[in-house]
Structure formats: structure tokens, C-alpha cells
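Report on one structure; see the data block that follows.
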Amino acid sequence: MQQHIAQVLLILQLLDGSVCSLDCGRNGVCESGKCRCNSGWTGNLCDQLPCDSRCSEHGQCKNGTCVCSQGWNGRHCTLPGCENGCSRHGQCTLENGEYRCDCIEGWAGSDCSIALELNCKDNIDNDGDGMTDCSDSECCSHPACSEHIMCLSSNDPVEVLLRKQPPSVTASFYQRVKFLIEENSVQSYAHMDEYSENFTGAMKGKSSNLFYMKRSLHVLALEHYLPSHDENGEFHIPFPPSSEIYVFNRYGQHVATKDLTSGKTRYSFLYSKNTSFGRLSTVTDASGNKIQFLRDYSNVVSSIENTQDHKSEIQINGIGIMTKLSEKGRQEIELDYDSNTGLLNSRSSGGETYIYQYDEFGRVTGMILPSGEIVRITSQLADSQGLTVYVHASVESLFSRERIAGEANELLVLGGVRSTFLKRGQAHADAELKANNTLVIHGDNGVVVEASAVARHPLLEAALPVEAEMLAMWSHQSVTMGEGLTNSMYSVYSLVGDVRNPQQTLNREIWVNQSRVIGVEFDQFTNRETFYDARRTPILIVAYDQSGLPKSYYPTNGYPVNITYDRFNRVEGWAWGPADLKYSYDRHGLLSEITSQQDGIVSFVYNDWNLVSEIGLASQRKFVLQYDDAGGLRHVVLPSGTRGRFTTPTFIALMHCTYAPPGSRAAYRHHYSHAGALHHTILPGDGPTAYPATTPLASWRMWSRDMERVNACIPRPPDCRTPFHTLNGNWRTEGTTGMPPACSLTRGSNK
């Protein structure tokens, strides 16, 4: 009975019209047979977006988009595109989605209402712009005005400058702008004799605002330059010395590092939050390799990991200062700070400790090195503006090889290091960085080296012209010896082709004494770098992949070198003519095998600290490497079972490096200062030999000669003739057993 009553009520509602059968969707409700739309929707079924009321005047609404009638533009079709019907001197056409007037010959302007000068020989201003005949630029194409002074064309100033040598850093204003008035240059109506070299500057303005004075010019105001952001809200800061561009977001966070030449991203940086409170969490290179910064509950970095299972633990105290850094398989670094000042007291790692001393102002006054060497630092106000810093060393070292009282190296600090005076006994060198960033080095032998940053990066000039002028590249160098002997070298940068092309070709040429020596050209489109000789003949072509890694070297005469990479951009192999090598890696990213057709397979095994513990040759011979607790090499075990021993004990003021060859009790010793200066050498069975004022190259040569004699005296197993390769490239064979009969360790012996 109840079901019957409900059916009757439904029939009555349908007859009354209170129930609607229309589907109004989610944007409306059905009432009285019609859809009542929610705010922001229209149409019979509430499925269309409305337009602004202004659209109905010059357009039609189509689902929220206002389609303009001919001659009208804009979002609501309220901007006239063909005003006044193009003044009946043109046709209204649609280009790139907008209407504009296409004027007929003789008319110009947005509405084709401006008449052009067509009759160029009647001496009448026909278009009413105040210029008659050839004085009007519209007549320059007419034959009657081809020789008129107002229609003379000039060369492109950029092309003129590229053909000329850049002026020197000390050039006057006249010398810098002289190219403007030279014959057949950027103008042809003025002569050089109309100008004077005493002209010091040029200013733009009305005649009442110009005045001439012979006094020095003074800067009265400076305006700081702040870079502007791009359409993505990012700031681009270039750094030409490293050929990089640093990209920052609107919160001041460094989000990417790009290559200046190729434009490709080298590194990208990810933060925990996309706000100013975000913390750095991941750094990714072009190959997809990542370094992650893991943080604890207080948002402080606790460890650093990469994708190859390498991890470093970090301990940071309550005031945000790092106190310990430890890495698996590496030594730990511990840092100790003063509880009151927060200054670093000591640094310890691998059994070595550095101790720092400060004055009451918090400036470093001394350092005690692990060898006991003391480095003292004193400072005082310089005669000129700045601070002079003196560095004294108590023993012979790289700081001071001559232990002469009162002598020290000198630095002048003026908002950064402005000049340096280095002294080594009687020899000295003076380096100064001038206000225009020109570096000048004076040697005691009269040699003067001057380097300056003058050239502007052509890619920056097109994209960031202000930064290109502020951050010039090191491009000029001159070496002066004596009074008249000068060697000059400079680099010239330019772009090849149309500068409006998004893919550019960067060209660099190196000139020495007005002669081109070498040229380098990089093509962004093909990722190829070509090296030319002085005659612009290609001598080498380097091809790069999308990650910026070299994949092929093509010399003019010779076999090409082809390099392959794996998915982590690690070198997988290379081939050079008949020679080739292939590399394999383990799951930790460490080199596990080297394979070649000539030598077979060389394998590498690592210990728990990721240090090489075993090297296996294709002949099944193995070399075992053993380390101490600090990760330093202690023993090398040969396939025969004998071992070579390395020790590096530290004594007062000196560090001893000892090597005992396999099968011999005699040891070869080097004594160094902690700064790396060689003091003396002790040969097996011989007394100490001093090396005063030794340079690294000279000490290496003496060490190599001594090593030849030491290895010649090593006892060898019976029936084993071992070739010995000397450092001068000669091969020889030592005796078969025992000590060679002609062996002598006396210095000066030729045996």
C-alpha cells in the first residue's frame, strides 16, 4: 500500500513540474525544468565558463575564452589592433594571434596614417615630419640620395674592434676610442686631424650642462648594481674564471651550477623545503650521481652519503660547530674549540695534531705543527691603508728555507690580500694586486710579470652585459726582462655566426707578440671543440657527450681515441688504435678489474676501509698491501712472500720517511720538515746527506739516482734474472744471486 502511494506522489510531482529530468552536473541544480548554475558557470547544462562582460562588445564568448572580432585584440577584445580601419591605407591582417595593420607603400604607423617621403627631388617636406628630401631616412634608398651625408652607412663597430688589437690597460681615453675616427672605420665624414689626444672624456647632455676643467675628476656618487631575476624568478650569477654560472632561487638558495660555455647543468641542489627555511638535502651531478645530507631530529647534519655506499659521519655541537668528521676506511678528524671565544684550539687526525694560538683580538699569532715546527704570525698597520702580516718559521720549510733571525714573508691585507712580499734568503719576490685587478709580480732578477683581466666573455655580453663588464676574464699577460725585452701574450674571444642563434660557436685565439699561436673553437650545437694552429688548420677535435665528458679525440695525424662511459659516467673503456683498456667496478663504485688484450686482466681487491689490499696480475701473481690503523701504507708483500716496509715516524721538528726493500735489513730514509722541505737523506750503510735549499725537482732527481743504487744492491732469489728499469729510460739486468759485486753506496760513485 505504501509503495503504491509513493508512485502516485511521484506522478503528481512530474505533472506539477517540480521534478526535473535535466543533468546539470556538479556545477548546478535543476529547478522547474531548468538548470540553476553555480557562481562561475553558465550554459543550459552549467558546463561552460562565462566571459567578462566587456567581451560582448567586440567579441564572442566560447567556454570562457573571448574570441575577438576582426581588428580587436586583448583578453577581453578591448584593445584596438587596426585603429580607424587602418585609415583606408592598409589591410587588417592576423599575425601571431593578433590583428595589425599592413600598410601599403607610402604609408606607415600603427594605423597607416603617417605619410612617407616619396618624392625625394622636389625640395619639399611632403610627409610633414620636418625633414625634406635626402634629410629624411626614407629617401636614402633613392638614387638621388645615395651620396648624401645623411645617408652614408658605416661599418659595424663590433667587426672593426675584432680586427684590431685590444688597447693596453694603461691606454688613454683617446687611444681607446681612436677606432671611431680612423679612416674607413665606423664613420666617413670626420678626419683624425679634427680631434686631439688631450680629449679626456665624453658626456651627453645639453650645451648648458657641459663644462671643461683641467683638474682631476672625482667620483661623487656610486650606484650599486643588483641583478634582476628571470621569468622563473631565478638569479644568474656568472663566474668566468671557472666558466660557471650559479643559479639562485628567490629565497637566495643555490639551486644549480651551469657550464658557461655549453649551458649545461653541472650540479643541481635540492632543499628540504621550498621556502627560505629549507636546508640542503641532495647534490646531483650531470651523471645522476648524488650526495645526500642526512639530518637528525634537530635538523642538523649528522652524515653525508653518496649512491655508492660511501658514508661520512659528522658530529656538531650545540652551537652549530663541527667537532668531528669520520669516514669509513679513512682517518678521523677531531676539532677542539675554546669554550669562551669559539676559536679553534687544535685539529687532530691520523696521529697528527695542530695547535693554534691567538691574541686578545682573536687573531692567529702562532701555529705548532705535528713535527714541533713553530710558525709565528705578527701583524701591524701598514704605511699605506691596510694591514701588514709577517710569517716567521723556526725551521727550514716552505715558509722560510733560511733560518735567519728577523726575516719573514710579508703580506699586505687590504679588504683581502692586496700585495705579498716573499723572501728566501737573499732572493725575494713582490706581488701586488692593483685596484683594476691587474696582478704585477716583481722578481729580484729584474723580471716583471703583469697579468690583467680585460676581455669580456662574449656569451655573457649577449645575456648579462653588466656582469660581463664587471667580471672580466684574465686575458693579457706580459713578461718584461731587462729594459727592452718584453714578451706579450693575450687572448681574444668572439662568437662565430649570428649572435641571435640560441646555439653559439665560441672562438678563442691566443696571440703571442702580435702572432696568432693557437685557436680553440667550441660549437654548442655539435658539442665539439676544435683546436687550430697559427694557420687555422685543425690539429685536434674533441667531441663531448651530453654530460660534457669527452668521448672522442680526433688528431689530424694519428689514431682517434674513443672513450666509453657506464650509466654512472665512469670510464668504461677506451680504444686508441690497436691499444684498448676496459674497466670494471664493484657495487661500491671501486675499480675491480682492468682488461687489455696485451696484458690480460689486472684485478683489485679492497679491505673493509675501501683501500686496495690485493693486486692480481694476469700471470696469477699477487701483491698484498697492508695498512696501519690510520690508513697509511705499512707493507707491500711480493708474490715471493718477501715484503717491503714503509714507516713515517714523526720526531721533533722533522718527519722521517723510511723504506726497507724486500729481503734487506738496510733502510732508505728521507727527513722532511712538516711543510715538505727535504733536509737530508740516509742511504743504506751510509751517513746522512744534506740537501740545502732543495727544490722539489732537484730533490726528485737526486732521490732517483740514489734509488737506482739502492735497488741494485737488493739481494735476489737464485736463478732469477730481474730486469731493472732506471729512471733515465735504460734497461739492464742485475746479477743472479746475492749482492752485485760492483755495488757501492758511496755518494759520487759511478758503479
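Sequential numbering from 26 applies to the sequence shown in this note's numbering.
C-beta atoms are modelled at their ideal positions from N, C-alpha and C, and glycine is treated no differently.
All of these numbers come straight from a predicted model, not from anything done at the bench.
Per DSSP, the continuous beta strand (DSSP E) segment holding residue 264 begins and ends at 260 to 264. Annotation: the continuous beta strand (DSSP E) that includes residue 454 extends over 452 to 458. Listed in chain order, the non-local C-beta contacts of residue 479 below 7 Å within the same chain comprise 191, 194, 497, 500, 501, local neighbours out to five positions each way being set aside. In this structure, residue 513 lies near residue 503, with their beta-carbon atoms less than 7 Å apart. Using a Cβ-Cβ distance cut-off of 8 Å, the stretch 75 to 90 and the stretch 109 to 122 are not in contact, since fewer than three pairs of beta carbons, one from each stretch, lie closer than that value. The criterion of a C-beta distance shorter than 7 Å is not satisfied by residue 661 and residue 679. No Cβ-Cβ contact shorter than 7 Å links residue 624 with residue 617. Residue 508 and residue 452 have their C-alpha atoms roughly 21 Å apart. Assignment of beta strand (DSSP E) within the stretch 304 to 352, counting only whole runs of 3 or more residues, yields 305 to 310, 315 to 320, 326 to 331, 336 to 341, 347 to 352 in chain order. For residue 495, no beta strand (DSSP E) segment is defined; the enclosing uninterrupted segment is the alpha helix (DSSP H) at 490 to 495.
Distances from the alpha-carbon of residue 686 to those of 187, 708, 698 put 708 closest.
In this structure, residue 329 sits away from residue 323, with a CB-CB distance that is not shorter than 7 Å. Here residue 123 is near residue 98, since their CB atoms are less than 7 Å apart. Here the C-alpha atom of residue 92 lies approximately 28 Å from the C-alpha atom of residue 59. Residue range 498 to 506 is occupied by the beta strand (DSSP E) that includes residue 503. Boundaries of the beta strand (DSSP E) harbouring residue 475: 473 to 480, taken from the DSSP string.
Residue pairing by DSSP puts residue 544 in a beta bridge opposite 534, 557.
About 24 Å separates the Cβ atoms of residue 568 and residue 542, ruling out a contact at the 8 Å cut-off. A direct Cα-to-Cα measurement between residue 116 and residue 67 gives close to 37 Å.
Of the candidates 146, 211, 176, 168, 211 places its Cα closest to the Cα of residue 184.
When the beta-carbon positions are compared, residue 260 and residue 266 stay at least 7 Å from each other. In the displayed model, residue 174 falls within a helix according to three-state DSSP. In the structure shown, the three-state DSSP call for residue 605 is strand.
Counted as a single uninterrupted DSSP element, the alpha helix (DSSP H) harbouring residue 83 occupies residues 80 to 83.
The straight-line gap separating the alpha-carbon atoms of residue 297 and residue 334 is approximately 22 Å. Taking C-alpha positions only, residue 519 is separated from residue 300 by approximately 40 Å.
If you ignore the 5 residues before and after residue 132, its C-beta comes within less than 7 Å of the C-beta of 114, 115, 139, 140, 141, all in its own chain and listed in chain order. When only Cα atoms are considered, residue 550 and residue 293 end up about 23 Å apart.
A residue is called buried when at least 16 other Cβ atoms come within 10 angstroms of its Cβ; residue 282 meets this threshold and is buried. Under the DSSP assignment, residue 187 falls in the alpha helix (DSSP H) whose first and last residues are 182 to 187.
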